[in-house]
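Visitor: Same order as they appear, the protein sequences are chains W and G.
The first sequence: position 91 = 91 (this note's numbering), numbered continuously.
Going from the second sequence to this note's numbering is simple: count from 1 and add 114.
All C-beta atoms in this analysis are idealised placements derived from N, C-alpha and C, irrespective of residue type, glycine included.
Note that the structure is a prediction, hence the values are computed from the model and not measured.
After the structure tokens below, expect a handful of questions from me.
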Amino acid sequence: AQSVTQLGSHVSVSEGALVLLRCNYSSSVPPYLFWYVQYPNQGLQLLLKYTSAATLVKGINGFEAEFKKSETSFHLTKPSAHMSDAAEYFCAVSGYSSASKIIFGSGTRLSIRP
Amino acid sequence: DTEVTQTPKHLVMGMTNKKSLKCEQHMGHRAMYWYKQKAKKPPELMFVYSYEKLSINESVPSRFSPECPNSSLLNLHLHALQPEDSALYLCASSYGRGTEAFFGQGTRLTVV
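In structure tokens:
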């Protein structure tokens, strides 16, 4: 079964600092991978997705992620954190069947210090 | 139109009530999903519909009954719920295999 593991339930960075949120996947074949963001009391918004076209994926709001097969990782980064980036971030994985499950990691809460 | 619309936004119901959650999308997506999210937890998959047929049921109690009347609508019928069923219920849709899901804003359900 496919799954993702997010390391660190809470990450705190200073405004302007690098953001790094970690995600490792477990799959026998390269899966489809996603990063979503959730602001309080709202639904989930897609930040970016990996679908094997390119290993470095750029998303919205300045975020990007790199797919590394050798490390089974798909970490999310942003060069310079902004106060508005404070939210819950979920890594998610999907498989190849026609109506695939989209399974979420446990989430990482990102806090930004002024 | 890239929206998934859920109604109502908030719902308070007693344990003997019957209520329904509604979800609508007009993106031509053929897969639709119900997720349950408890506070400070990730969304948990409940049901998946593919081409209007139930394809995945994650062993959800029968007090939750999904329905897909057509390709744009998804309902979740609720009956005899328990207080522990209080959560944010999220609807999502996608084109299916390997594509991203678009989420609604959710229904905040409180069972009293």
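State the start and end residues of the unbroken beta strand (DSSP E) segment that holds F161 of chain G.
Guide: Counting along the chain, the beta strand (DSSP E) containing F161 of chain G begins and ends at E158 to S164.
Visitor: Along the beta strand (DSSP E) that carries P183 of chain G, what are the first and last residues, could you check?
Guide: F178 to N184 is the extent of the beta strand (DSSP E) around P183 of chain G.
Visitor: Going along the chain, which residues of the region 89-108 of chain W sit with their C-beta nearer than 9 Å to a C-beta in chain G?
Guide: Taking 9 Å as the Cβ-Cβ cut-off against chain G, the residues of the region 89-108 of chain W that qualify are F90, A92, S94, G95, Y96, S97, S98, A99, S100, K101, I102, I103, F104, G105, S106 and G107.
Visitor: If the cut-off is 9 Å on Cβ atoms, which residues from the region 66-82 of chain W count as contacting chain G, listed in chain order?
Guide: Those residues of the region 66-82 of chain W that come within reach of chain G (Cβ to Cβ, closer than 9 Å) do not exist; the list is empty.
Visitor: Can you give me the Cβ contacts of G128 of chain G inside the same chain, cut-off strictly under 7 Å, excluding the 5 residues immediately before and after it?
Guide: So the qualifying residues of the chain are V226.
Visitor: Here's the rule: buried if 16 or more other CB atoms are within 10 angstroms of the residue's CB, otherwise exposed. What is K58 of chain W?
Guide: Classification for K58 of chain W: exposed.
Visitor: Rounded to whole angstroms, what is the Cα-Cα separation between N41 of chain W and L159 of chain G?
Guide: When rounded, the distance between both Cα atoms is 18 Å.
Visitor: Starting from G220 of chain G, find everything on chain W with Cβ-Cβ shorter than 7 Å and list it in chain order.
Guide: Those within 7 Å of G220 of chain G in chain W are G43.
Visitor: Under 8 Å, do L188 of chain G and Y163 of chain G count as touching if we go by C-beta distance?
Guide: Yes; because the gap between Cβ atoms is below 8 Å, this pair is in contact.
Visitor: Taking buried to mean at least 16 other C-beta atoms within 10 Å of its own C-beta, is A201 of chain G buried or exposed?
Guide: That one is buried.
Visitor: If you follow the beta strand (DSSP E) that Q42 of chain W is in, where does it begin and where does it stop?
Guide: Premise fails: Q42 of chain W is in no beta strand (DSSP E) and is neither H nor E.
Visitor: Could you work out which residues of chain G lie near T51 of chain W, taking near to mean beta carbons separated by less than 7 Å?
Guide: Result: G212.
Visitor: Leaving out five residues before and five after S9 of chain W in sequence, what residues of the same chain have Cβ atoms less than 8 Å from its Cβ?
Guide: Answer for S9 of chain W: S106, G107, T108 and R109, listed in chain order.
Visitor: With C-beta atoms as the reference, is S26 of chain W less than 8 Å away from Q6 of chain W?
Guide: Not closer than 8 Å, so no.
Visitor: Does DSSP put E66 of chain W in a helix, a strand or coil?
Guide: Correct three-state label for E66 of chain W: strand.
Visitor: Counting only the same chain and skipping the five closest in sequence on each side, list residues whose C-beta sits under 6 Å from that of F67 of chain W.
Guide: So the list reads Y50, T55 and F74, once near-sequence residues are dropped.
Visitor: Under the three-state reduction of DSSP, which class applies to N131 of chain G: helix, strand or coil?
Guide: In the structure shown, N131 of chain G sits in coil (DSSP, three-state: anything other than H, G, I, E or B).
Visitor: Classify M146 of chain G as helix, strand or coil using the three-state DSSP reduction.
Guide: Strand at M146 of chain G.
Visitor: Do F178 of chain G and V118 of chain G have their CB atoms nearer than 8 Å?
Guide: It is not a contact, given that the beta carbons lie outside the stated cut-off.
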